[in-house]
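Single-structure report; data block below.
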Ligand code: PCA
């Protein structure tokens with residue numbers, strides 16, 4: 264069983280393609296969860312899910328509103344610096360995610376293979392060395408931290424996606440986007456790469 268997570272919308276983002284992706288990708292082998300954009304609630308939800316499901320891999324997804332391509336994140340840092348409040352109105356600035364945790368965790372997914380496999384499909388994808396300092400970095404760090412504490416050596420990491428073109432076409436400002444089917448294909452290719460590299 265692979266666990267994939269997405270996010271609800273937040274701030275001035277009208278809708279988040281990752282919640283739709285998670286709903287569409289759930290299957291017998293894939294469990295999905297849409298996480299709240301909340302520092303207080305997202306970590307707890309993740310921890311409960313991982314303890315309950317004991318997944319063989321975890322793939323967290325999030326929207327990067329300004330980016331035109333798929334970005335496979337390589338590193339999560341132990342820092343929150345929220346530029347805007349989360350959906351509970353909390354805005355932590357310059358605080359560690361876990362005061363007892365390491366400075367950073369590297370993704371344990373086959374990140375380069377995933378980028379290459381997505382590009383072979385004709386979909387633009389890049390490695391990224393910063394998942395930001397908001398909820399996405401938080402969830403990637405938390406996932407790797409929880410797995411570390413539990414001693415579960417399963418692959419885990421994060422992929423940022425752009426808006427879907429379907430969403431972008433309803434917005435009143437120009438934003439980079441890819442068709443939802445294209446983003447979904449990229450995530451499927453990533454899941455295949457994770458499965459074949461870890462023989463989940
Ligand atoms: N993207 C935000 C939080 C939720 C999401 O989908 C981020 O990049 O932190």
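In the numbering used here, the protein residues as written are 264 to 463.
Beta carbons are placed, not taken as given, at the ideal position from N, Cα and C, and that holds for glycine.
Cβ-based neighbour list, residue i, same chain, cut-off 7 Å, excluding 5 preceding and 5 following
i: residue 280; result: 326, 424, 426, 427, 430, 443 and 446
i: residue 378; result: 335, 388, 389 and 390
i: residue 456; result: 373, 376, 377 and 380
Inter-residue Cα distance where the pair is residue i and residue j
i: residue 381; j: residue 353; result: 36 Å
i: residue 515; j: residue 386; result: With the chain running from 264 to 463 in the structure shown, residue 515 is simply not present.
i: residue 334; j: residue 392; result: 9 Å
i: residue 422; j: residue 434; result: 23 Å
i: residue 412; j: residue 329; result: 34 Å
i: residue 394; j: residue 347; result: 16 Å
i: residue 337; j: residue 288; result: 23 Å
i: residue 466; j: residue 384; result: Any question about residue 466 goes unanswered here, given that the chain covers just 264 to 463.
i: residue 303; j: residue 416; result: 26 Å
i: residue 400; j: residue 408; result: 12 Å
i: residue 275; j: residue 315; result: 33 Å
i: residue 369; j: residue 449; result: 21 Å
Limits of the unbroken alpha helix (DSSP H) element including residue i
i: residue 301; result: Residue 301 -> no alpha helix (DSSP H), and no H or E assigned at all.
i: residue 225; result: Only positions 264 to 463 of the chain appear in the structure, and residue 225 is not among them; the question remains open.
Rounded distance between the beta-carbons of residue j and residue i, thought under 8 Å
i: residue 313; j: residue 342; result: No, residue 313 and residue 342 are not in contact; Cβ-Cβ is about 22 Å, not under 8 Å.
i: residue 402; j: residue 298; result: 6 Å
i: residue 441; j: residue 265; result: Actually they do not touch by this definition, with Cβ atoms about 22 Å apart.
i: residue 420; j: residue 372; result: 4 Å
i: residue 465; j: residue 267; result: This structure does not reach residue 465, given that the chain is present from 264 up to 463, and the question cannot be answered.
i: residue 284; j: residue 306; result: Wrong, their Cβ atoms sit about 21 Å apart, outside the cutoff.
Span of the beta strand (DSSP E) around residue i
i: residue 323; result: 320-326
i: residue 391; result: 388-391
i: residue 369; result: 367-369
i: residue 419; result: 419-424
i: residue 339; result: 338-340
Beta-carbon proximity list for residue i, same chain, < 6 Å, skipping 5 on both sides
i: residue 345; result: 354, 355 and 397
i: residue 458; result: none
i: residue 273; result: 300 and 350
i: residue 286; result: none
CB of residue i within 8 Å of CB of residue j, strictly
i: residue 349; j: residue 300; result: yes
i: residue 320; j: residue 437; result: no
i: residue 294; j: residue 318; result: yes
Neighbourhood of residue i by C-beta distance below 8 Å, restricted to the same chain and skipping five residues each side
i: residue 271; result: 279, 282, 297, 298, 299, 300 and 350
Min CB distance residue i to chain D below 8 Å
i: residue 308; result: Any reference to chain D falls outside this structure, which holds one protein chain only.
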